[in-house]
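Undergrad: Got a structure here, written out as structure tokens. Questions coming.
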Amino acid sequence: MIWGCGEAGFQSDISKNVEIDPINVQLSVPAIFVGQDIDETPPIDASTGVIDISDNEFSEYLDDATKFTINKISYSIVNFPSGSRADLDMDIDVAIAGGQNQDLLEILIADAQNNVEDVILYEAGTPGNVSAIAIQDLEQALFNSQTFELDIEIIGRDVNLSQSDVDFQIVFKFDVTTRLQLD
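Letter by letter, the sequence shown follows residues 865 to 1047 in our numbering.
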């Protein structure tokens, strides 16, 4: 927490690292291809469901908030079965308050089975290939107490599965700061 004092009162920055509920994903191959290298799996769609960071994590500060900043977005892969491997080609869209999807990020996650620690997708100041417009829209949505949802198309590439269906989770984390003006 950072405090500052000026003629208009105090300013404070409150930062929180918000982990959303895991997204369940299942990669599948026909039984005849178990244990064999497969170039790509059919696309599957996954969604975070509705996310409401401002209400759940910042509700007590909303009346004094002057802006929200997304500092980082990261992910980790949880429970990817040992003996299986895959690269994940992900196309991530964001929909704010039930609106139209807009591109957030396209990424190839090499060796998904090895991504058990947080991997940074976006960091303020070095956004990489994350859509700056989508980040600005997300920050404005948080300021306006609006919800959002991530919709993800996933294609497994260079896949070798130890069983027909491989279940795992993707966990996204948002490092968010709100600036407060306290009079």
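Even glycine gets a Cβ: it sits at the ideal position worked out from N, Cα and C.
Rounded to a whole number of angstroms, what is the C-alpha to C-alpha distance between Arg-1021 and Ala-929?
TA: C-alpha separation (whole angstroms): 43 Å.
Undergrad: Is there contact between the region 989-996 and the region 905-918, where contact requires at least three CB pairs shorter than 8 Å?
TA: No, because fewer than three Cβ pairs between the region 989-996 and the region 905-918 fall closer than 8 Å, the two stretches do not touch.
Undergrad: Pull up the DSSP beta-bridge partners for Asp-967, would you.
TA: Paired residue(s): Asp-957.
Undergrad: Do Ile-1034 and Val-889 count as a contact pair if the criterion is CB distance below 8 Å?
TA: For Val-889 and Ile-1034, yes; Cβs fall inside 8 Å.
Undergrad: Tell me where the beta strand (DSSP E) around Glu-1003 begins and ends.
TA: Counting along the chain, Glu-1003 falls outside any beta strand (DSSP E), though it belongs to the alpha helix (DSSP H) covering 996-1007.
Undergrad: So Gln-900 and Asn-1024 are supposed to be a Cβ contact under 8 Å. How far apart are they, rounded?
TA: With a Cβ gap of about 7 Å, Gln-900 and Asn-1024 count as contacting.
Undergrad: Quick one: give me the first and last residue of the beta strand (DSSP E) that Phe-1012 is part of.
TA: Residues 1012-1024.
Undergrad: Spatial neighbours of Glu-981 within its chain, please: C-beta separation below 7 Å, excluding the five flanking residues on both sides.
TA: Here the set comprises Ser-940.
Undergrad: Determine whether the beta carbon atoms of Asp-1039 and Asn-881 lie at a separation below 8 Å.
TA: Their beta carbons are under 8 Å apart, which means Asp-1039 touches Asn-881 by this criterion.
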